[in-house]
Amino acid sequence: MDNNLQDIIVKTVVDILKQKDDSNGIKVGVSARHVHLSQKDLETLFGEGHKLTVKKILMGDQFAAEECVTLVSPSLRTIEGVRVLGPVRKESQVEVSRTDTFKLKVSPPVRPSGELKGSAPMALVGPKGSVFLNECCIIANRHIHMTPSDAERYGIKDNDIVDVEIQNSKPTRFYNVQVRVREDFNTEMHIDTDDANACAIKTGDRVVILEK
Ligand SMILES: [Zn+2]
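Just so we're aligned, residue 411 is where the sequence shown starts under the numbering used here, counting upward by one.
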C-alpha cells in the first residue's frame with residue numbers, strides 16, 4: 411500500500427477512536443441544594459452525640475444523609491427539607507442555587523466548596539435546635555472531581571481550570587470549570603440545578619473537556 415495512503419488511513423482511524431473516547435466524556439452529577447455540618451452544629455440541630463444516617467453513598471466517603479434541615483434567611487424566608495451531606499466537616503456550609511437565593515433573599519457569592527470568607531449568613535433549624543451562621547452560604551462553582559489516573563490521562567492537575575461542552579438539545583459550553591483531583595473521588599462534573607435546568611442536563615449526561 412502507498413505509504414501516504416496508509417498514513418491517512420491510520421490518522422483517520424486514530425481520529426475516529428479519539429472522537430469515540432471523547433464522546434464518552436465526563437459524567438455529570440446535578441447537585442440539589444444541600445448543607446454540610448460540623449459535628450458541633452450537627453449536635454445542636456439533632457441532639458447530643460448525634461451521628462448522621464447514610465441514605466445514599468455519593469462518592470468515596472461522601473453520602474447523602476437521611477437528615478434534613480430548614481434554612482431560615484436573615485429576612486425570615488425559609489426553605490424546608492434541605493438534605494444534609496456527610497460525613498461531618500470542620501465547618502458547616504450551605505450550598506444553594508441562584509434561584510434559591512431569590513426565595514431566601516440572600517446574595518451569596520459563587521465559590522469553590524470550603525471558601526466561606528465573605529459568604530452569606532443563614533440560620534439552620536433542626537428537630538432539636540438551631541444555629542445562626544454568619545458566613546456559611548455559597549452558590550457552588552462548577553467543578554469536576556477527578557481521579558488521579560484520569561487526571562494523568564487528561565494531562566490535568568489539581569485546581570486546573572478547563573472549559574467543557576455538552577452536546578444535547580441545548581448545546582452549551584461551560585468556561586472556567588475548576589478540576590479537583592483526589593484519590594477518593596470519582597471522575598464527575600458537578601453543576602447546580604439552575605445550570606442543569608437551563609441547559610437541559612440531567613445526572614448521568616456527559617460533557618467533553620475542550621482542548622486549550
Ligand atoms: Zn462536587
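Even glycine gets a Cβ: it sits at the ideal position worked out from N, Cα and C.
Could you have a look at Ser507 and say whether DSSP puts it in helix, strand or coil? The count along the sequence shown starts at 1 and reaches residue 507 at position 97. Here Ser507 sits in coil by DSSP.
Express the C-alpha separation of Leu514 and Ser485 in angstroms, rounding to a whole number. Reading the sequence shown from its first residue, position 75 is the one you call residue 485. Reading the sequence shown from its first residue, position 104 is the one you call residue 514. The alpha-carbon atoms of Ser485 and Leu514 are separated by roughly 7 angstroms.
CB of His553 to nearest heavy atom of ligand 1: below 7 angstroms? Here residue 553 corresponds to residue number 143 of the sequence shown, with the count starting at 1. Answer for His553: yes, Cβ within range of ligand 1.
Measure how close the beta-carbons of Gly496 and Leu462 come, nearest whole angstrom, since I'm counting them as under 8 angstroms. For the purposes of this step, residue 496 is identified with residue 86 of the sequence shown, where counting begins at 1. For the purposes of this step, residue 462 is identified with residue 52 of the sequence shown, where counting begins at 1. Indeed they touch by this definition, with Cβ atoms about 4 angstroms apart.
Extent of the continuous beta strand (DSSP E) to which Asp602 belongs: What you label residue 602 is simply residue 192 of the sequence shown in a count that begins at 1. Glu598 to Asp602 is the span of the beta strand (DSSP E), which, as asked, contains Asp602.
Could you tell me the distance, in whole angstroms, from the CA atom of Asp573 to the CA atom of Gly528? Stepping through the sequence shown from its first residue, residue 573 is reached at position 163. Stepping through the sequence shown from its first residue, residue 528 is reached at position 118. Each residue's alpha carbon lies about 27 angstroms from the other.
If we require 4 or more residues per run, which alpha helix (DSSP H) segments fall completely within the stretch 509-558? none
State the CB to CB distance for the pair Val618 and Glu575, rounded to an integer number of angstroms; the pair is presumed to be in contact (CB under 8 angstroms). What you label residue 618 is simply residue 208 of the sequence shown in a count that begins at 1. What you label residue 575 is simply residue 165 of the sequence shown in a count that begins at 1. Confirmed, Cβ separation roughly 5 angstroms.
Using alpha carbons as the reference points, say which of Cys546, Gly524 and Ser523 lies closest to Met532. Translated into the one-based positions of the sequence shown, residue 532 becomes position 122. Of Cys546, Gly524 and Ser523, the residue nearest in Cα terms is Cys546.
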